[in-house]
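Visitor:
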Amino acid sequence: MSTNSRRTASLLRDRTRTNRAESRARRAAATAARRVRTGPRSLATHIIATGASLDVVAGAADALRTQARKAGIRGRAARIRRTLNGRARRVVTVYRYTVEQVAQIVANYKPRKAEYKAIRAVLAAA
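First residue of the sequence shown? That's 6 in our numbering, and the numbers climb one at a time after it.
#1: What is the DSSP secondary structure of Arg39, counted as helix, strand or coil?
#2: Per DSSP, Thr98 forms a beta bridge with which residues?
#3: Kindly indicate which three-state DSSP category Arg70 falls into: helix, strand or coil?
#4: Going by CA-CA distance only, name the one from Val107, Arg40, Asn9 and Thr13 that's closest to Ile4.
#5: Report the option in Ala57, Thr98 and Arg94 whose CA atom is closest to the CA atom of Glu120.
#6: For Arg117, name the three-state secondary structure that DSSP assigns.
#7: For Gln72 and Tyr100, which I take to be in contact (beta-carbon distance under 8 Å), what is that distance rounded to the nearest angstrom?
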(Lines of atoms letter the chains of each structure in order from A and count residues from 1; the text may use other names and numbers.)
(Lines give C-alpha, C1' and ligand atoms only; values in the text may rest on other atoms or scores of the structure.)
Protein backbone atom coordinates (compact mmCIF):
# COMPACT_ATOMS: atom_id res chain seq x y z
CA MET A 1 0.00 0.00 0.00
CA SER A 2 1.45 3.33 -0.95
CA THR A 3 1.88 6.27 1.40
CA ASN A 4 -0.71 8.27 -0.46
CA SER A 5 -3.40 5.60 -0.19
CA ARG A 6 -2.64 5.13 3.55
CA ARG A 7 -3.05 8.85 4.11
CA THR A 8 -6.37 8.83 2.22
CA ALA A 9 -7.65 5.89 4.26
CA SER A 10 -6.61 7.65 7.47
CA LEU A 11 -8.41 10.84 6.42
CA LEU A 12 -11.56 8.87 5.61
CA ARG A 13 -11.48 7.15 9.03
CA ASP A 14 -11.02 10.49 10.77
CA ARG A 15 -13.87 12.08 8.86
CA THR A 16 -16.14 9.11 9.56
CA ARG A 17 -15.27 9.21 13.27
CA THR A 18 -15.97 12.95 13.39
CA ASN A 19 -19.29 12.59 11.57
CA ARG A 20 -20.39 9.82 13.94
CA ALA A 21 -19.48 11.92 16.98
CA GLU A 22 -21.37 14.95 15.65
CA SER A 23 -24.40 12.80 14.82
CA ARG A 24 -24.32 11.27 18.32
CA ALA A 25 -24.19 14.75 19.87
CA ARG A 26 -27.12 15.97 17.71
CA ARG A 27 -29.22 12.95 18.71
CA ALA A 28 -28.40 13.45 22.38
CA ALA A 29 -29.38 17.13 22.20
CA ALA A 30 -32.64 16.32 20.42
CA THR A 31 -33.49 13.62 22.97
CA ALA A 32 -32.76 15.96 25.87
CA ALA A 33 -34.88 18.73 24.33
CA ARG A 34 -37.78 16.32 23.79
CA ARG A 35 -37.58 15.06 27.38
CA VAL A 36 -37.57 18.61 28.70
CA ARG A 37 -40.58 19.54 26.55
CA THR A 38 -42.68 16.46 27.22
CA GLY A 39 -41.73 15.00 30.58
CA PRO A 40 -42.29 16.24 34.10
CA ARG A 41 -39.67 18.70 35.37
CA SER A 42 -38.93 20.57 38.54
CA LEU A 43 -40.50 23.99 38.99
CA ALA A 44 -37.03 25.54 38.78
CA THR A 45 -36.44 23.84 35.42
CA HIS A 46 -39.78 25.11 34.09
CA ILE A 47 -38.75 28.63 35.14
CA ILE A 48 -35.26 28.32 33.63
CA ALA A 49 -36.90 27.21 30.36
CA THR A 50 -38.72 30.57 30.24
CA GLY A 51 -35.35 32.32 29.91
CA ALA A 52 -35.46 33.92 33.36
CA SER A 53 -32.19 35.00 34.94
CA LEU A 54 -30.76 32.54 37.42
CA ASP A 55 -30.85 34.98 40.34
CA VAL A 56 -34.68 34.99 40.38
CA VAL A 57 -35.22 31.29 39.70
CA ALA A 58 -35.05 30.13 43.32
CA GLY A 59 -37.46 32.80 44.56
CA ALA A 60 -39.98 32.18 41.81
CA ALA A 61 -39.74 28.41 42.31
CA ASP A 62 -40.41 28.85 46.04
CA ALA A 63 -43.45 31.00 45.28
CA LEU A 64 -44.82 28.45 42.79
CA ARG A 65 -44.14 25.63 45.25
CA THR A 66 -46.24 27.47 47.83
CA GLN A 67 -49.06 27.90 45.32
CA ALA A 68 -48.86 24.20 44.41
CA ARG A 69 -49.20 23.27 48.07
CA LYS A 70 -52.21 25.56 48.45
CA ALA A 71 -53.86 24.12 45.33
CA GLY A 72 -53.15 20.54 46.45
CA ILE A 73 -51.11 19.77 43.33
CA ARG A 74 -48.43 17.16 43.96
CA GLY A 75 -45.92 16.40 41.30
CA ARG A 76 -44.30 13.04 40.73
CA ALA A 77 -41.83 12.30 43.52
CA ALA A 78 -38.19 11.58 42.69
CA ARG A 79 -35.09 11.02 44.81
CA ILE A 80 -31.94 12.90 43.82
CA ARG A 81 -28.56 13.75 45.30
CA ARG A 82 -28.17 17.25 43.88
CA THR A 83 -29.96 20.54 44.20
CA LEU A 84 -30.23 23.81 42.33
CA ASN A 85 -27.36 25.16 44.42
CA GLY A 86 -25.17 22.19 43.52
CA ARG A 87 -25.05 20.48 46.90
CA ALA A 88 -24.84 16.71 46.54
CA ARG A 89 -24.32 15.28 50.03
CA ARG A 90 -27.68 13.81 50.96
CA VAL A 91 -30.64 12.24 49.21
CA VAL A 92 -33.46 14.72 48.69
CA THR A 93 -37.05 14.05 47.67
CA VAL A 94 -38.10 16.41 44.90
CA TYR A 95 -41.25 16.74 42.84
CA ARG A 96 -41.55 16.93 39.07
CA TYR A 97 -44.49 18.77 37.49
CA THR A 98 -45.98 18.43 34.03
CA VAL A 99 -46.76 21.46 31.88
CA GLU A 100 -50.46 21.08 32.65
CA GLN A 101 -49.80 21.04 36.39
CA VAL A 102 -47.64 24.15 36.11
CA ALA A 103 -50.45 25.88 34.20
CA GLN A 104 -52.84 25.09 37.07
CA ILE A 105 -50.34 26.39 39.62
CA VAL A 106 -49.70 29.59 37.67
CA ALA A 107 -53.44 30.27 37.40
CA ASN A 108 -53.53 30.99 41.16
CA TYR A 109 -50.17 32.80 41.27
CA LYS A 110 -50.35 36.61 41.62
CA PRO A 111 -46.78 37.93 41.75
CA ARG A 112 -45.82 41.49 42.67
CA LYS A 113 -42.29 41.75 41.29
CA ALA A 114 -41.90 42.60 37.62
CA GLU A 115 -39.53 39.68 36.98
CA TYR A 116 -42.00 37.23 38.50
CA LYS A 117 -44.85 38.73 36.47
CA ALA A 118 -42.87 38.11 33.27
CA ILE A 119 -42.20 34.51 34.34
CA ARG A 120 -45.90 34.01 35.11
CA ALA A 121 -46.92 35.33 31.69
CA VAL A 122 -44.59 32.95 29.87
CA LEU A 123 -45.58 29.94 31.97
CA ALA A 124 -49.28 30.71 31.51
CA ALA A 125 -48.83 30.92 27.74
CA ALA A 126 -47.08 27.54 27.55
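Using N, Cα and C, we set each Cβ at its ideal position, and we do this for glycine too.
Guide: In this structure, then:
#1: Helix, per DSSP.
#2: Residue pairing from DSSP places Thr98 in a beta bridge opposite Arg84.
#3: Shown here, Arg70 sits in a helix according to DSSP, grouped into three states.
#4: Only positions 6 to 131 of the chain appear in this structure, which leaves residue 4 out of reach.
#5: The residue from Ala57, Thr98 and Arg94 with its alpha-carbon nearest to that of Glu120 is Ala57.
#6: In the structure shown, Arg117 sits in coil (DSSP, three-state: anything other than H, G, I, E or B).
#7: The beta-carbon separation of Gln72 and Tyr100, rounded to 13 Å, does not stay under the 8 Å limit for a contact.
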